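Undergrad: Can you keep this structure in mind? I'll have questions shortly.
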Amino acid sequence: MKLFGYKLPGMSSLLIWGALWEIVGRSKITYFLPSVTEIFNTFLEILPTEAFIQAVSETGYALMSGLFFATFIGIPLGILMGKNRIVDEILLPWVNIFLSAPLTALVPVLMVLFGFGMKSIIITTTLFAIWIIMLNARAGVLQINRSLVDMASSFGAKPWDAFFKIYFWAALPEILGGVRIGFIRAVKGVIIGQLLISVVGFGALFEIYSSNFLMSHFWAVIFVLFTLAFILSEFLAFLERKVSYYASNR
Amino acid sequence: MNDSITNNIAVSVKNVSKNYGETEALKDMSLDFPKGQLTSLLGPSGCGKTTLLKIIAGLLPATSGEVIVNGVKVTTPGPDRAFVFQDFALMPWASVIRNVAFGLELRGVNKTERESIAHKYIGDVGLKGFEHSYPHELSGGMRQRVGLARALAVNADVLLMDEPFSAVDEQTRRKFQEDLLNLVKVEKKTFIFVTHSIEEAVYVSDQIAILLPRPSRVSEIIKPSGFKHKDADSIRKDSEYLDIVDRIWKSLRTYVQ
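So the protein sequences, as listed, match chains V and R. Residues in the first sequence are numbered consecutively from 1, following the numbering used here. Residues in the second sequence are numbered consecutively from 1001, following the numbering used here.
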């Protein structure tokens, strides 16, 4: 964006919103909105505490495990759906149902099945992320240039070769897009899991801070979460742009 | 089985039919392709020439009939045939050398060996120095040279070319046609060449099979001979060349809407 002939750096608008927030916070209009500087100071204060470090590691562990399973189960299944009509017919209705279903409502069922611990949280996270990863991998495979597949089989590619040397790479731009959206959903999943299943990690911090009306603590944790999610999602978007040059000529 | 070898026939198509549900794409088609020669399949769109080529390649199953390559009946792709695609079919994520070596890679040839073979063919098609470029950095003509080098690298007896020059510009196309004539002379391979350009077919072919649609059939086989020994430039002015072009156009024009 340009303002008075100067090119503004990306996300300059955040400065305006930050300033507005600061004004509202300092004017003490509402108790729920402390000023940005106060939130930042609180952040620096809780950063070295054991509770915060533990929350980061617990949340990070659940998030990464969930995302790991979602990626390594979701991508092969999605590619298989795009490749094989029968697999597609069998799985697609379920994928679509789970993609739009309110998964939060399923969490109590998961708790009954898998207990109140980390296992259930990881499964919840996986379930939030996996469907869009599958659907995107499937979409990526469905738009592969037919002659690329013909090319591989004309040179005698075995199914295994075709899978790893053609389908995966040809669908990579869509797959990365799916992983990026899946990651954003996984963040949702991990927090919901931590709030509903067992109060650990960031979920526990949210719970403690909001029930004790520690608003600047509450916002500090939210900001940390937003920032981490934003950085990782931008990193995935960067990877996506790196491979998008070939999306047009597969 | 042996008579096809003694007759010097590389590929023999016998009573091949192909149906897509109700539609008959090919009906009872028979055609022989002599060894070491270039045979064109020429016809209006919808006459089944690409379908026939893909059946020979083993990429499509025939509904009935059989395809014999070097005396052996084929149903799947095999190392005796290599395919050149209309849209090049290059892997955009792989460098030129990996694309050219891909056929060998799938056959399990080790990296050093396949890259040295690929290197030779990249030079042969005139792309020396572009080994580590990526397809999106090349022009359409150069991409098709990569596709050609890939097909040559596996050293198959039969080269199947599906309208290989239709996606490149006119000048490049003429250059390609001249290069193809040389290639047929140098490489002792059988070429099966699908095209919808009459001039191109007459220019490059030892034998032209005219295919007509509805029902799809071979209507005529023409073997231009008089101008084959001439150099590239004089062929296009040769009177036999012009006569054949004219004759084919007359028989095809009723099928063009």
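Cβ atoms here follow ideal geometry from the backbone N, Cα and C, with glycine treated the same way. Quick caveat: nothing in here was measured; it's all calculated off a predicted structure.
If I measure Cβ to Cβ from LEU1031 of chain R and keep anything under 7 angstroms in the same chain, skipping five residues before and after, which residues do I get?
TA: Looking up residue 1031 of chain R in the second sequence gives position 31. Hits under 7 angstroms: VAL1013, ALA1209 and VAL1218.
Undergrad: Please look up how many angstroms separate the CB atoms of GLY201 of chain V and THR59 of chain V, rounded, as I've assumed it's under 8 angstroms.
TA: As a first step, residue 201 of chain V is located in the first sequence; it is residue number 201 there, counting from the start. As a first step, residue 59 of chain V is located in the first sequence; it is residue number 59 there, counting from the start. Indeed, because the Cβ distance is near 4 angstroms, the residues count as touching under 8 angstroms.
Undergrad: Can you pull out the residues from the region 1077–1107 of chain R whose beta carbon lies closer than 9 angstroms to at least one beta carbon of chain V?
TA: So the list reads PRO1077, GLY1078, PRO1079, ARG1081, ALA1082, PHE1083, PHE1085, GLN1086, ASP1087, PHE1088, ALA1089, LEU1090, MET1091, PRO1092, TRP1093, ALA1094, PHE1102, GLY1103, LEU1104, GLU1105, LEU1106 and ARG1107, given in the order they occur along the chain.
Undergrad: For PHE1102 of chain R, tell me which candidate among V:ILE75, V:LEU232, V:LYS165 and V:ARG146 has the shortest Cα-Cα distance.
TA: Residue 1102 of chain R sits at position 102 when you count from the first residue of the second sequence. Residue V:LYS165 is the option with its Cα nearest to PHE1102 of chain R.
Undergrad: Beta carbons nearer than 8 angstroms to chain V: which residues of the region 1030–1064 of chain R have them?
TA: Within the region 1030–1064 of chain R, the residues whose Cβ lies closer than 8 angstroms to some Cβ of chain V are LYS1054, ALA1057, GLY1058 and LEU1059, listed in chain order.
Undergrad: Closer than 8 angstroms by beta-carbon distance: list the chain V residues that pair up with VAL1074 of chain R, in chain order.
TA: The sequence position of residue 1074 of chain R within the second sequence is 74, counting from 1. Under the 8 angstroms cutoff, chain V gives no residues; its nearest Cβ is about 12 angstroms from VAL1074 of chain R.
Undergrad: For ARG1247 of chain R versus ILE1222 of chain R, is the C-beta spacing smaller than 9 angstroms?
TA: As a working mapping, residue 1247 of chain R is identified with position 247 in the second sequence. As a working mapping, residue 1222 of chain R is identified with position 222 in the second sequence. Yes, Cβ-Cβ distance for ARG1247 of chain R and ILE1222 of chain R is below 9 angstroms.
Undergrad: Whole angstroms is fine: what's the gap from MET1029 of chain R's alpha carbon to ILE1122 of chain R's?
TA: As a first step, residue 1029 of chain R must be located in the second sequence, where it is residue number 29. As a first step, residue 1122 of chain R must be located in the second sequence, where it is residue number 122. About 37 angstroms.
Undergrad: Kindly say whether GLY5 of chain V, judged by its beta-carbon, lies nearer than 9 angstroms to any beta-carbon of chain R.
TA: On the first sequence, residue 5 of chain V is found 5 positions in, with the first residue counted as 1. So, not an interface residue.
Undergrad: Excluding the 5 residues flanking ALA204 of chain V on each side, which residues of the same chain have their C-beta closer than 7 angstroms to its C-beta?
TA: Counting from 1 along the first sequence, the entry for residue 204 of chain V is found at position 204. Only ALA55 and GLN194 meet the Cβ criterion.
Undergrad: Could you give the residue range of the beta strand (DSSP E) that holds SER1012 of chain R?
TA: Position 12 of the second sequence, counted from the first residue, corresponds to residue 1012 of chain R. From DSSP, the beta strand (DSSP E) with SER1012 of chain R extends over 1009–1020.
Undergrad: Run down chain R in chain order and give the residues with a C-beta less than 7 angstroms from the C-beta of SER153 of chain V.
TA: Along the first sequence, one-based indexing puts residue 153 of chain V at 153. In chain order: LEU1059 and PRO1077.
Undergrad: Find out if the Cβ-Cβ distance for the pair VAL1204 of chain R, PHE1193 of chain R is shorter than 9 angstroms.
TA: As a working mapping, residue 1204 of chain R is identified with position 204 in the second sequence. As a working mapping, residue 1193 of chain R is identified with position 193 in the second sequence. Against a cut-off of 9 angstroms, the Cβ pair of PHE1193 of chain R and VAL1204 of chain R comes out as a contact.
Undergrad: Kindly say whether ALA137 of chain V, judged by its beta-carbon, lies nearer than 9 angstroms to any beta-carbon of chain R.
TA: Walking along the first sequence from the start, residue 137 of chain V turns up at place 137. Judged by the 9 angstroms Cβ criterion, ALA137 of chain V is not in contact with chain R.
Undergrad: Cβ atoms of PRO1077 of chain R and PRO1135 of chain R: under 9 angstroms apart, would you say?
TA: Numbered from 1 along the second sequence, position 135 holds the residue referred to as residue 1135 of chain R. Numbered from 1 along the second sequence, position 77 holds the residue referred to as residue 1077 of chain R. Not in contact: PRO1135 of chain R and PRO1077 of chain R (Cβ atoms no closer than 9 angstroms).
Undergrad: From the DSSP output, in three-state form, read off ASP1032 of chain R for me.
TA: Taking the first residue of the second sequence as position 1, residue 1032 of chain R is located at position 32. Residue state, collapsed to three classes: strand.
Undergrad: Kindly confirm or deny that the region 65–83 of chain V and the region 126–133 of chain V touch, where touching means at least three C-beta pairs closer than 8 angstroms.
TA: Short answer: they touch.
Undergrad: Buried or exposed for ASP1231 of chain R, going by 16 or more other Cβ atoms inside 10 Å?
TA: For this step, residue 1231 of chain R is matched to residue 231 along the second sequence. Exposed, because fewer than 16 other Cβ atoms sit within 10 Å of the Cβ of ASP1231 of chain R.
Undergrad: Please list the partners that HIS1229 of chain R has in chain V, where partner means a Cβ-to-Cβ separation under 9 angstroms.
TA: As a position in the second sequence, residue 1229 of chain R is number 229, starting the count at 1. Simply none; closest approach about 34 angstroms.
Undergrad: Between the Cα of GLU1163 of chain R and those of R:PRO1215, R:VAL1256, R:PHE1083 and R:LEU1242, spot the shortest distance and give me the residue it belongs to.
TA: The residue labelled residue 1163 of chain R in the question sits at position 163 within the second sequence. The shortest Cα separation from GLU1163 of chain R among R:PRO1215, R:VAL1256, R:PHE1083 and R:LEU1242 belongs to R:PHE1083.
Undergrad: Closer than 9 angstroms, CB to CB, is HIS1136 of chain R near chain V or not?
TA: Here residue 1136 of chain R corresponds to residue number 136 of the second sequence, with the count starting at 1. Chain V contact via Cβ: present.
Undergrad: Just the chain V side, please: which residues come within less than 8 angstroms of VAL1297 of chain R by C-beta, in chain order?
TA: Look at the range of chain R in this structure, 1001 to 1257, and you will see that residue 1297 of chain R is not part of it.
Undergrad: PRO1034 of chain R and ALA1010 of chain R - do their beta-carbons sit closer together than 9 angstroms?
TA: Position 10 of the second sequence, counted from the start, is the residue given in the question as residue 1010 of chain R. Position 34 of the second sequence, counted from the start, is the residue given in the question as residue 1034 of chain R. Contact flag set, yes.
Undergrad: Note the first and the last residue of the continuous beta strand (DSSP E) segment covering ASP88 of chain V.
TA: The sequence position of residue 88 of chain V within the first sequence is 88, counting from 1. Counting along the chain, ASP88 of chain V falls outside any beta strand (DSSP E), though it belongs to the alpha helix (DSSP H) covering 85–100.
Undergrad: Within 10 angstroms of the Cβ of TRP219 of chain V, are there 16 or more other Cβ atoms? Answer buried if so, exposed if not.
TA: Here residue 219 of chain V refers to the residue found at position 219 of the first sequence. Burial call: buried.
Undergrad: If the criterion is Cβ atoms closer than 9 angstroms, does the pair ASP1259 of chain R and ASP1157 of chain R meet it?
TA: Given a span of 1001 to 1257 for chain R in the structure shown, any question on residue 1259 of chain R remains unanswerable.
Undergrad: Verify whether the separation of the beta carbon atoms of GLU1258 of chain R and ILE1097 of chain R is less than 9 angstroms.
TA: Residue 1258 of chain R lies beyond the range of chain R shown here (1001 to 1257); nothing can be said about it.
Undergrad: For LYS1018 of chain R and THR1075 of chain R, what's the separation of their Cα atoms in angstroms?
TA: The residue given as residue 1018 of chain R occupies position 18 in the second sequence. The residue given as residue 1075 of chain R occupies position 75 in the second sequence. Answer to the nearest angstrom: the Cα atoms are 13 angstroms apart.
Undergrad: Quick one: is PHE1176 of chain R buried, meaning 16 or more other Cβ sit within 10 Å of its Cβ, or exposed?
TA: Along the second sequence, one-based indexing puts residue 1176 of chain R at 176. Label assigned to PHE1176 of chain R: buried.
Undergrad: Who are the neighbours of SER147 of chain V on chain R, taking C-beta pairs under 7 angstroms?
TA: Your numbering for residue 147 of chain V matches position 147 in the first sequence. In chain order: PHE1085, ASP1087 and ALA1089.
Undergrad: Taking just the CA atoms, how far does SER1234 of chain R sit from TYR1020 of chain R?
TA: By one-based count along the second sequence, residue 1020 of chain R stands at place 20. By one-based count along the second sequence, residue 1234 of chain R stands at place 234. The straight-line gap from Cα to Cα measures roughly 44 angstroms.
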